[in-house]
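**Student:** All letters in the sequence shown, in the order written, are residues 132 to 361 by my numbering. We treat Cβ as the ideally placed atom computed from N, Cα and C, and that holds for glycine.
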Amino acid sequence: MRVWVARPEPGASRTGAALAGLGHAALVAPVLAVRPVGEPPPAGPFEGIVLTSANAVPALGADFRGVPVFAVGARTAERAAAAGLGPVTEGPGDGAGLAALVRGRLKPGARLLHAAGAERKPEPAAALEAAGFRLVTHVAYRAEPVPRLPDPVGAALAAEGLEAALHYSHRSAEAAASLCEAAGLGGAFRALDHYCLSADVARALEVAGVPVHFVAAYPRESALLDGLSR
Numbered sequence: 132m133r134v135w136v137a138r139p140e141p142g143a144s145r146t147g148a149a150l151a152g153l154g155h156a157a158l159v160a161p162v163l164a165v166r167p168v169g170e171p172p173p174a175g176p177f178e179g180i181v182l183t184s185a186n187a188v189p190a191l192g193a194d195f196r197g198v199p200v201f202a203v204g205a206r207t208a209e210r211a212a213a214a215g216l217g218p219v220t221e222g223p224g225d226g227a228g229l230a231a232l233v234r235g236r237l238k239p240g241a242r243l244l245h246a247a248g249a250e251r252k253p254e255p256a257a258a259l260e261a262a263g264f265r266l267v268t269h270v271a272y273r274a275e276p277v278p279r280l281p282d283p284v285g286a287a288l289a290a291e292g293l294e295a296a297l298h299y300s301h302r303s304a305e306a307a308a309s310l311c312e313a314a315g316l317g318g319a320f321r322a323l324d325h326y327c328l329s330a331d332v333a334r335a336l337e338v339a340g341v342p343v344h345f346v347a348a349y350p351r352e353s354a355l356l357d358g359l360s361r
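(1) Assuming residue 292 contacts residue 254 (C-beta within less than 8 Å), just tell me the rounded distance between them.
(2) Using 10 angstroms around the beta-carbon of residue 161, count the other beta-carbons present and answer buried if the total reaches 16, otherwise exposed.
(3) To which residues of the same chain is residue 230 closer than 7 Å at the C-beta, ignoring the five residues directly before and after it?
(4) With three or more C-beta pairs closer than 8 Å as the rule, is the stretch 152-161 touching the stretch 136-143?
(5) Counting along the chain, where does the alpha helix (DSSP H) carrying residue 282 start and finish?
(6) Would you be able to state if there are at least three C-beta pairs under 8 Å between the stretch 182-193 and the stretch 268-286?
(7) Taking the alpha carbon of residue 360 as the reference point, which residue from 150, 299 and 144 has its own alpha carbon closest?
(8) From residue 345 to residue 325, what distance separates their C-alpha atoms?
(9) Judging by CA-CA distance, which residue of 233, 216 and 217 is the nearest neighbour of residue 223?
(10) Check for me: the beta strand (DSSP E) holding residue 247 runs from which residue to which?
(11) Roughly how many angstroms separate the alpha carbons of residue 201 and residue 284, rounded to a whole number?
(12) So, with DSSP's three-state summary, where would you put residue 225?
(13) Can you have a look at residue 341 and say buried or exposed, based on whether 16 or more other CB atoms are within 10 angstroms of its CB?
(14) Looking only at its chain, what residues have a beta carbon closer than 6 Å to the beta carbon of residue 294, apart from the 5 residues adjacent to it on each side?
(15) Report the residue ranges of all beta strand (DSSP E) runs contained in full by the stretch 165-201; include only those spanning at least 3 residues, in chain order.
(16) Classify residue 335 as buried or exposed, calling it buried when 16 or more other Cβ atoms lie within 10 Å of its own Cβ.
(17) To the nearest angstrom, how far is the alpha carbon of residue 333 from that of residue 157?
(18) From this set, 301, 249 and 280, which residue's C-alpha is nearest residue 315's C-alpha?
Written out as structure tokens, the structure is:
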């Protein structure tokens with residue numbers, strides 16, 4: 132199967148390699164570009180660091196080593212540990228579950244640093260603040276849509292050379308649908324089998340009138356890729 136991977140780098144190439152290992156042909160063409168904001172994070176002390184994306188890790192330097200890190204999922208946890216942060220605790224893959232993890236490890240009133248993107252979901256911040264944690268948010272990066280549909284994707288859609296697309300976030304799914312419509316290839320995009328990491332990701336496509344073929348049972352890449360064999 133030839134599959135479009137629209138998620139940003141560096142995850143896109145890693146997913147492409149995983150697809151190749153499963154016998155699929157990956158078309159790696161991100162629709163979002165991740166750019167660091169460049170502003171230094173606020174000064175501590177903090178009793179914990181909350182990470183909802185691996186893209187926020189580079190913003191945290193040596194000053195934050197030794198502070199407990201609560202990472203949303205496996206990839207974010209791995210990247211934080213590789214950067215020398217931690218101790219790192221891995222969450223279940225979603226914001227609500229991450230908030231529950233923090234509540235189980237730290238007491239309300241703890242001051243937490245949430246390193247995140249400019250565009251982010253309400254959780255885990257809403258639940259943590261409601262539980263009495265003092266959350267300081269640092270915008271570490273921005274994920275900006277590319278200006279137009281990548282040429283390889285346009286060519287593949289026009290030639291009916293794609294069979295499926297993988298979608299990892301609400302924003303990237305939304306951007307993929309929008310860019311295809313703008314390129315006059317909305318019909319070809321809707322004809323693909325669309326595999327989504329979560330129900331929230333799927334909603335971005337459904338709002339755009341794009342049928343969703345598969346939604347992972349839990350928000351992990353392994354569960355998403357398992358769907359390709361069904």
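**Tutor:** Taking the structure as given:
(1) Position 161 of the sequence shown, counted from the first residue, corresponds to residue 292. Position 123 of the sequence shown, counted from the first residue, corresponds to residue 254. Not really, about 38 Å apart at Cβ, beyond 8 Å.
(2) In the sequence shown, the residue the question calls residue 161 occupies position 30. Under this definition residue 161 is a buried residue.
(3) Counted from its first residue, the sequence shown places residue 230 at position 99. So the qualifying residues of the chain are 254, 255, 258 and 259.
(4) yes
(5) Within the sequence shown, residue 282 is the residue found at index 151, counting from 1. Its alpha helix (DSSP H) spans residues 282-289.
(6) In short, these stretches touch, since the Cβ pair count reaches three.
(7) Counting from 1 along the sequence shown, the entry for residue 360 is found at position 229. Nearest C-alpha to residue 360: 150.
(8) Along the sequence shown, one-based indexing puts residue 345 at 214. Along the sequence shown, one-based indexing puts residue 325 at 194. Those two C-alpha atoms are separated by around 6 Å.
(9) Along the sequence shown, read from residue 1 onward, the residue named residue 223 stands at position 92. Comparing Cα-Cα distances from residue 223 to each of 233, 216 and 217, the minimum goes to 233.
(10) Taking the first residue of the sequence shown as 1, we reach residue 247 at position 116. Where residue 247 is concerned, the enclosing beta strand (DSSP E) stretches over 242-248.
(11) For the purposes of this step, residue 201 is taken as residue 70 along the sequence shown, with counting starting at 1. For the purposes of this step, residue 284 is taken as residue 153 along the sequence shown, with counting starting at 1. Whole-angstrom Cα-Cα distance: 36 Å.
(12) Taking the sequence shown and counting its residues from 1, the one referred to as residue 225 is at position 94. Reduced to three states, the DSSP call for residue 225 is coil.
(13) Here the question's residue 341 lines up with position 210 in the sequence shown. Result: buried.
(14) Position 163 of the sequence shown holds residue 294. Around residue 294: 132 and 133.
(15) 179-182
(16) The residue given as residue 335 occupies position 204 in the sequence shown. Residue 335 is buried by the Cβ-count criterion.
(17) If you number the sequence shown from 1, residue 333 lands on position 202. If you number the sequence shown from 1, residue 157 lands on position 26. The straight-line gap from Cα to Cα measures roughly 20 Å.
(18) By 1-based counting over the sequence shown, the position of residue 315 is 184. The candidate whose alpha carbon is nearest that of residue 315 is 280.
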